[in-house]
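Asks: 38 is the number of the first residue of the sequence shown in the numbering used here; add one for each residue after it.
Just so you know, even glycine gets a beta-carbon here, dropped at the ideal spot from N, CA and C.
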Amino acid sequence: MKQKEVNLMPSILYEVQAGIAIVTLNRESALNTIDTATAERLQAVIADISNNDQVKLAIFTGTGNRAFCAGEDLNDPSIHSAEGLIRFTGRLNDIFNEIEMLPQPTIAAINGFAFGAGFELALACDLRISADQTLMGLPQAKLGLIPGAGGTQRLPRLIGEAKALELILTAKRFTSLEAYHFGILSKVVSNHELHKEVMYTAELILENAPIAINQAKYAVKKGMGTDLQAGLELEKEGFLKTASSQDLEEGIQSFFEKKKPVFRGK
38 MKQKEVNLMP SILYEVQAGI AIVTLNRESA LNTIDTATAE RLQAVIADIS
88 NNDQVKLAIF TGTGNRAFCA GEDLNDPSIH SAEGLIRFTG RLNDIFNEIE
138 MLPQPTIAAI NGFAFGAGFE LALACDLRIS ADQTLMGLPQ AKLGLIPGAG
188 GTQRLPRLIG EAKALELILT AKRFTSLEAY HFGILSKVVS NHELHKEVMY
238 TAELILENAP IAINQAKYAV KKGMGTDLQA GLELEKEGFL KTASSQDLEE
288 GIQSFFEKKK PVFRGK
């Protein structure tokens, strides 16, 4: 792959540069909501990221400064029937699972409204950094639904059962600052500082050994779905893989030579 690759699609912008993939929901006039076509393209992009050795980290964001993603596009006629809605939301669930299980670290750069499936998309990412003055939430109960793309499962794992139930059952909106205090967000910055902060965080991550990054993510993600002892076994396996890597040799040698290591993911 070239150092910079840009793939433009009607509702998704996908760029890979210097090891960082940036995936942008590009439906600003529709508050970057997800319709059937967008979901299809998003899934294709995720498949490319998963199989692309040049991608070391992925960022998900939205076009403009009004919305990250305001959820499913209720104007999409394909979801106006119960069968269509069930099928579409099931597909989003699959897509968000694929995001969560990407081997690379992921960051949601929340540049505006994050409601419903848009908030669930952010929850599927490893880290969430948001602009201030942003609103988010899971309003599905106001429509007669429950969150169906991971919200009822990922949110309580992130912030605990009681607070997650409060947010889901009241279906209330909350600010980015509140989300930070709940433990949903890693950082809240001004809108004009969002891109800079997200890229800074990405670069900090990418300074570290790729195998260590991937194994740490795998151990945490898989370990969350099992008991402590099984999780410790996952940690042991990951530790053994990193301990026998060439990157460890490079890291230790560079430490003693007081120089910046050059990791090769081997």
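Give the DSSP-derived three-state secondary structure of THR279 in the structure shown.
Replies: Taking the first residue of the sequence shown as 1, we reach residue 279 at position 242. In this structure, THR279 counts as helix in the three-state DSSP scheme.
Asks: Pick from ILE83, LYS278, VAL92 and GLU65: whose alpha carbon is nearest that of ILE57?
Replies: Mapped onto the sequence shown, residue 57 falls at position 20. Here the closest residue by C-alpha is VAL92.
Asks: Would you call GLU234 buried or exposed, if buried means 16 or more other Cβ atoms sit within 10 Å of its Cβ?
Replies: Within the sequence shown, the letter at position 197 stands for residue 234. Its Cβ being crowded by 16 or more others within 10 Å, GLU234 is buried.
Asks: Do you know how far the Cα of ALA95 is from the Cα of THR143?
Replies: The sequence position of residue 143 within the sequence shown is 106, counting from 1. The sequence position of residue 95 within the sequence shown is 58, counting from 1. Their Cα atoms are separated by approximately 5 angstroms.
Asks: Could you say if the region 103 to 114 and the region 153 to 166 meet the contact criterion of at least three C-beta pairs nearer than 8 angstroms?
Replies: Contact holds: three or more Cβ-Cβ distances are below 8 angstroms.
Asks: Give me the Cβ distance between GLY188 and THR126, rounded to the nearest whole Å; I'm assuming they're in contact under 8 angstroms.
Replies: Residue mapping note: residue 188 aligns to position 151 of the sequence shown, counting from 1. Residue mapping note: residue 126 aligns to position 89 of the sequence shown, counting from 1. Contact flag wrong, Cβ pair sits at about 11 angstroms.
Asks: Using only alpha-carbon positions, find the residue among LEU68, PRO193 and ALA154 that is nearest to GLY220.
Replies: By one-based count along the sequence shown, residue 220 stands at place 183. The residue with the shortest Cα to Cα distance from GLY220 is PRO193.
Asks: Which stretch, first to last residue, makes up the beta strand (DSSP E) that contains GLN54?
Replies: Your numbering for residue 54 matches position 17 in the sequence shown. First-last of the beta strand (DSSP E) with GLN54: 49 to 54.
Asks: Got a sec, what are the start and stop residues for the alpha helix (DSSP H) LEU160 sits in?
Replies: In the sequence shown, counting from the first residue as 1, residue 160 sits at position 123. That run of the alpha helix (DSSP H) goes 154 to 161.
Asks: In angstroms, rounded to a whole number, what distance separates the CA positions of LEU265 and PHE97?
Replies: Taking the sequence shown and counting its residues from 1, one reaches residue 265 at position 228. Taking the sequence shown and counting its residues from 1, one reaches residue 97 at position 60. If I take the Cα positions, the gap works out to 31 angstroms.
Asks: Between HIS232, GLN177, HIS229 and GLU230, which lies nearest to ARG210 when the distance is taken from Cα to Cα?
Replies: Taking the first residue of the sequence shown as position 1, residue 210 is located at position 173. Out of HIS232, GLN177, HIS229 and GLU230, GLN177 has the C-alpha closest to the C-alpha of ARG210.
Asks: Would a C-beta distance cut-off of 8 angstroms place LYS278 and ILE248 closer than the cut-off?
Replies: Start at 1 with the first residue of the sequence shown, and residue 278 comes out as number 241. Start at 1 with the first residue of the sequence shown, and residue 248 comes out as number 211. Going by C-beta atoms, LYS278 is nearer than 8 angstroms to ILE248.
Asks: Three-state secondary structure (DSSP) at ALA95?
Replies: Numbered from 1 along the sequence shown, position 58 holds the residue referred to as residue 95. Three-state DSSP puts ALA95 in a strand.
Asks: Start and end of the beta strand (DSSP E) containing SER167?
Replies: Position 130 of the sequence shown, counted from the first residue, corresponds to residue 167. Residues 164 to 168.
Asks: Just curious, the alpha helix (DSSP H) that LEU122 is in, first and last residue?
Replies: Within the sequence shown, the letter at position 85 stands for residue 122. LEU122 -> alpha helix (DSSP H) spans 119 to 137.
Asks: Beta-carbon within less than 6 angstroms of SER87's beta-carbon, same chain only, minus the 5 sequence neighbours each way: which residues are those?
Replies: Locating residue 87 in the sequence shown gives position 50, counting from the first residue. Correct list, in chain order: LEU139.
Asks: I need the straight-line Cα distance from LYS259 to GLN290, nearest angstrom please.
Replies: In the sequence shown, residue 259 corresponds to position 222, counting from 1. In the sequence shown, residue 290 corresponds to position 253, counting from 1. Cα to Cα, the separation comes out at about 31 angstroms.
Asks: Just mark ASP90 as buried or exposed, buried being the case when its beta carbon has 16 or more other beta carbons within 10 Å.
Replies: Residue 90 sits at position 53 when you count from the first residue of the sequence shown. By the neighbour-count rule (16 or more Cβ atoms within 10 Å), ASP90 is not buried but exposed.
Asks: As a quick exercise: from SER118, VAL82, GLU52 and PHE150, pick the residue whose alpha carbon is nearest that of THR70.
Replies: Working through the sequence shown from its first residue, we reach residue 70 at position 33. The option with the nearest alpha carbon to THR70 is PHE150.
Asks: Would you mind working out which of PHE293, ILE250 and LYS254 sits nearest SER282, comparing C-alpha positions?
Replies: In the sequence shown, residue 282 corresponds to position 245, counting from 1. SER282 has its Cα closest to that of ILE250, out of PHE293, ILE250 and LYS254.
Asks: Go ahead and label ALA216 buried or exposed: buried means 16 or more other beta carbons lie within 10 angstroms of its beta carbon, across all protein chains shown.
Replies: Numbered from its first residue, the sequence shown carries residue 216 at position 179. Its Cβ being crowded by 16 or more others within 10 Å, ALA216 is buried.
Asks: Does DSSP classify LYS297 as helix, strand or coil?
Replies: Along the sequence shown, one-based indexing puts residue 297 at 260. Looking at LYS297 - three-state DSSP - the assignment turns out to be coil, as it is neither helix nor strand.
Asks: To the nearest angstrom, report how far apart ALA239 and ASP284 are at their CA atoms.
Replies: Mapped onto the sequence shown, residue 239 falls at position 202. Mapped onto the sequence shown, residue 284 falls at position 247. Computed Cα separation, rounded: 19 angstroms.
Asks: From the DSSP output, read off the bridge partner residues of ILE116.
Replies: The sequence position of residue 116 within the sequence shown is 79, counting from 1. Answer is none; ILE116 lacks a bridge partner.
Asks: Give the single residue among HIS232, ILE49 and THR263 whose Cα lies nearest to the Cα of ILE166.
Replies: Taking the first residue of the sequence shown as 1, we reach residue 166 at position 129. Nearest C-alpha to ILE166: HIS232.
Asks: Use the C-beta contact count for LEU222: other C-beta atoms within 10 angstroms, 16 or more gives buried, fewer gives exposed.
Replies: Locating residue 222 in the sequence shown gives position 185, where the first residue counts as 1. Label assigned to LEU222: buried.
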